[in-house]
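Number of protein chains: 2
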Amino acid sequence: MAIDHLDGRLIVLLAREPRIGVLEASRRLGVARGTVQARMDRLQSNGVIRGFGPEVDPAALGYPVTAFATLEIKQGQGADVRAHLATVAEVLELHTITGHGDMLCRLVARSNADLQRVIDRVVGFDGIVRASTAIVMENPVPLRIIPLVEQASQDV
Amino acid sequence: MAIDHLDGRLIVLLAREPRIGVLEASRRLGVARGTVQARMDRLQSNGVIRGFGPEVDPAALGYPVTAFATLEIKQGQGADVRAHLATVAEVLELHTITGHGDMLCRLVARSNADLQRVIDRVVGFDGIVRASTAIVMENPVPLRIIPLVEQASQDV
DNA sequence: GTTTTCAGTGGTCAAACTGCCCAGTGGATG
DNA sequence: CATCCACTGGGCAGTTTGACCACTGAAAAC
């Protein structure tokens, strides 16, 4: 369940140079190829590594505007709202949260003007009472996991 | 800059089966190997595909609790706060946003109790005036990009 | 104190893939 | 009409892969 130091080094190495193969990784880490192979299999069946999907930049796709919307949901409408939001491509992720907002979702749009269209699309649904939106201006820390991996692999 | 239909199919294919090579991908897409190679090179130098880093699940690392914190920053302290938060491994991402909260960050923790420690660590910094935290309960739509890719590749 | 179990090593093998090259084709552009 | 460009289909040497194997050492179980 936890990961050891070698797992940590392997993940960091894969994150830094994703295209390297098992053989090259084993050379870098100074272990046998079979070991790397076994570790990677284990990390994947563990669920620690979910996959190696391509990381796509929404901005490069023509969606440079990111926003977070807090949604207030009418009692008992949760499932419907979830289903609705799942059909909107601009909704990149959706969480149900504690506190007065009931859901938090990440949106992208082609422009600030386009964001209005997206929000209308999101909010134009019966179960949603109110939405409050915060537009992202800067992203000083892009989604990252390496520091956490290093931390987790240290406190064995 | 934009993405055509073939690019879209390629990205979707890569997302679905990340381990397939260029050759297998060309077979699936019904195009020549060189074409796939060229497309992938272009997508990567375009910045559309940032990379193929391993997707690590924080929960499997022992951090099953996720939260979003909205931070209010003292005027002029933005840069310091950014630098401070960048040193905290449990801060997975950080955005500066419009509205009354000034920053929004995603946190993970080992438990609800541990979240308190993380928040103290985050907030225990001079430039931060106030923090309001929302704990994630469910994640009905995990971070996704495929629907957007399909949309972007359709409106040629 | 033994025995078992298990992760890791270092090696082999055939099959497959990669990166790189090439000439040829068809459509779009000038 | 010539040029440019993306794509095709092919070939090549070199590398990597997945699958094995026997062996070692350390920890766990008995």
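Chains D and P supply the protein sequences, listed in that same order. Using the UniProt record's numbering, you'd call the opening residue of the first sequence number 1 and step up by one each time. Using the UniProt record's numbering, you'd call the opening residue of the second sequence number 1 and step up by one each time. Virtual Cβ for every residue (Gly too), placed ideally from N, Cα, C.
Residue contact with chain D for P/L6: absent (no Cβ-Cβ distance below 8 Å to any residue of chain D). Between D/V48 and P/L92, the C-beta gap is not smaller than 8 Å, which leaves the two residues out of contact. Uninterrupted beta strand (DSSP E) stretches at least 3 residues long and entirely within the segment 59-124 of chain P occur at 65-73, 91-97, 103-109, given in chain order. In the same chain as D/T96, and ignoring 5 residues on each side of it, the C-beta atoms closer than 6 Å to its own belong to M103, in chain order. In terms of Cβ geometry, P/P147 and D/F52 do not form a close pair [threshold 8 Å]. Cβ-Cβ distances below 8 Å link P/P18 to F52 in the same chain, with the five nearest sequence neighbours on each side left out; the list follows chain order. With a cut-off of 8 Å on Cβ pairs, the segment 117-129 of chain P is not in contact with the segment 5-14 of chain P, counting fewer than three such pairs. Non-local C-beta neighbours of P/L85 in its own chain, meaning closer than 7 Å and more than five positions away in sequence, comprise V91, L94, C105, V122, ordered along the chain.
For D/V129, the number of other beta carbons within 10 angstroms of its own is below 16, and it is reported as exposed.
D/S45 counts as exposed, since fewer than 16 other C-beta atoms from the protein chains shown sit within 10 angstroms of its C-beta. The C-beta of D/F52 comes closer than 8 Å to at least one C-beta of chain P. The beta carbon of D/R9 does not come within 8 Å of any beta carbon belonging to chain P, so the residue lies off that interface. Annotated three-state conformation of P/P142 is coil, per DSSP. Here D/P142 is exposed: its Cβ has fewer than 16 other Cβ atoms, across all protein chains shown, within 10 Å. The C-beta of D/F125 comes no closer than 8 Å to any C-beta of chain P. P/R50 and P/L115 have their alpha carbons spaced roughly 31 Å apart.
Taking 8 Å as the cut-off, the Cβ atoms of P/A134 and D/T87 do not count as close. Linking P/H100 to P/E72 through their CA atoms gives a straight-line distance of about 7 Å.
When C-beta distances to chain D are compared with 8 Å, the residues of the segment 96-120 of chain P below that value are T96, I97, T98, G99, G101, L104, C105, R106, V108, in chain order. Shown here, D/A2 sits in coil according to DSSP, grouped into three states, outside any helix or strand. For the segment 37-70 of chain P, the set of residues with a beta-carbon nearer than 7 Å to any beta-carbon of chain D comprises N46, G47, V48, I49, R50, G51, F52, G53, P54, E55, V56, D57, P58, A60, L61, G62, Y63, F68, in chain order. A Cβ-Cβ separation of about 7 Å places P/A25 in contact with P/L10 under the 8 Å criterion. Distance from the Cα of P/V136 is smallest, within the candidate group P/N112, P/I145, P/Q154, for P/N112. For the pair D/V56 and D/V36, the CB atoms are not nearer than the 8 Å cut-off. Excluding the 5 residues flanking it on each side, D/Q154 has no same chain C-beta neighbour closer than 6 Å. For the segment 31-62 of chain P, the full-length beta strand (DSSP E) segments reaching 3 residues or more read 49-51 along the chain.
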